[in-house]
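Under our numbering, the letters of the sequence shown match residues 499 to 722, in that order.
Yeah, the Cβ is synthetic: ideal placement off N, Cα and C, and Gly gets one too.
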Amino acid sequence: MLPIGDALRFGWEGTKKNFWFLLGLYVLFYLIQFAAAFALTFLSEANEQLAAGLGLLVNLVANVILPTGTAVVSLKICDGLKPELGDFICDGKTLLFFLLELFLLGTILVAGFLCLIVPGIYLAIRLSQCTYFIVEQKNDPIGALKNSWEATRDLAGPLFVYFLAAMGLILGGFLLFLVGMIPAWFVTTIASAYLYRVLNQRLTARPSPEKDPSTPPPILLESR
């Protein structure tokens, strides 16, 4: 079973300790994105097609930097380290792998949802750890898909319960005049990174043909 309660509690403690850093980080990110969009409105008056193309590029870059940066920052918090502004921007190879993974994962999930809703949800859960394997393990997109699939084996049900709890938490924050949605998002991102740590240690503890089966597995992440 997954330590869902421990993950959410850890997410709450991590949010309390790093709230102002996280808030400032994401405010800065969205201010830069807004400034870029605002500048493009002036450019559109001179060249509409160029502005539209640059707008798509800005959105694409934002959709790559935001999830990868969030994953790195959350993992540092899980390790008890102080995140820094520079952690939010990953190296070019990692960003490229994540971009390729976005297209690959999107294709797989669309195919799954076209085969009725349930297969799509199941695939989304089993492949939910891809981003972490890319940003931390430096996996290529195929390797990240394989590792996420293996790490979540037999845990689709508990992970589904966790994602329902996370969505419920964010929805509850949304109902609190939107104000609670921000800390709820921070809590769930840190909790998700915590669960990745558990899943990854579970994966490395599993015997493989390359390993001596007599070698004892590493100790799983302790509850915090």
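- Taken atom to atom, the span from the alpha-carbon of LEU564 to that of ALA703 is near 31 Å.
- Within the stretch 637-675, the runs of alpha helix (DSSP H) that reach at least 4 residues and sit entirely inside it are, in chain order, 639-649, 654-673.
- Distances from the alpha-carbon of SER690 to those of LYS636, PHE611, LEU555, SER626 put SER626 closest.
- Taking LEU552 as reference, the option from PHE517, THR568, ALA534 with the minimal CA-CA separation is ALA534.
- Between the stretch 609-618 and the stretch 663-671, the count of Cβ pairs shorter than 8 Å is below three; the stretches do not touch.
- A direct Cα-Cα distance of roughly 18 Å separates ILE502 from SER646.
- Separation of the CB atoms of ARG624 and THR650 is rounded to 5 Å, and the pair is thereby assigned contact status at 8 Å.
- One alpha carbon belongs to LEU500, the other to PHE658, and they sit about 11 Å apart.
- For ASN561, the CB contacts under 8 Å within the same chain, skipping 5 residues up- and downstream, are LEU600 in chain order.
- One thing to note: THR513 has its Cβ no nearer than 9 Å to the Cβ of ALA569.
- With fewer than 16 other CB atoms across the displayed protein chains lying within 10 angstroms of its CB, TRP518 is exposed.
- The continuous alpha helix (DSSP H) containing VAL633 extends over residues 628-633.
- Of all alpha-carbon atoms in GLN699, ASN637, ALA537, the one lying nearest the alpha-carbon of PHE596 is that of ASN637.
- For MET499, the three-state secondary structure derived from DSSP is coil.
- In its chain, beyond the 5 residues on either side, CYS588, THR592, LEU593, PHE596, THR629, VAL633 have a beta carbon closer than 7 Å to the beta carbon of THR566.
- Closest in C-alpha terms to LEU558, from the list LEU526, GLN531, TYR692, comes GLN531.
- In summary, GLY578 is exposed, with fewer than 16 beta-carbon neighbours lying within 10 Å of its beta-carbon over all protein chains present.
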